[in-house]
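Residue numbers (my numbering): 406 to 520. Report on the structure given below.
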């Protein structure tokens, strides 16, 4: 027997994902590149809100290899106490650049999942 609540959530998520992908214009991505920490316009806020509610497993995070000098992107394993897997992206010289790198990876994954 299938959980009806999961079916409804999947339907809700599919619609949310489609609306979010439609908001991903070059202007929205450029807005994030210009100021990753905000403030953000309505469209970018909606995109970020969707991206932030992703499951913990596989979620991208920033790792400060050398604080204020070198940052990398890592993926969380979803297992408590297990270190995140550092990816080959970077290094990034600033935290803001790493934040935008995480954003671009999440956007890439979102677009791949919508195809």
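Built from N, CA and C at the ideal position, the CB exists for glycine as well.
Excluding its 5 nearest sequence neighbours in each direction, residue 459 has C-beta neighbours in its own chain below 8 Å: 511, listed in chain order. Fully enclosed alpha helix (DSSP H) runs of no fewer than 4 residues occupy 447-457 of the segment 438-480, in order along the chain. Going by beta carbons, residue 468 and residue 491 fall inside the 8 Å limit.
In this structure, DSSP gives residue 491 an extended state, which the three-state scheme calls strand.
When C-alpha distances from residue 461 are compared across 454, 495, 482, 444, the shortest belongs to 482. The C-beta of residue 506 has 16 or more other C-beta atoms within 10 Å across all chains shown, which makes the residue buried. Under DSSP, residue 497 shares a beta bridge with 476.
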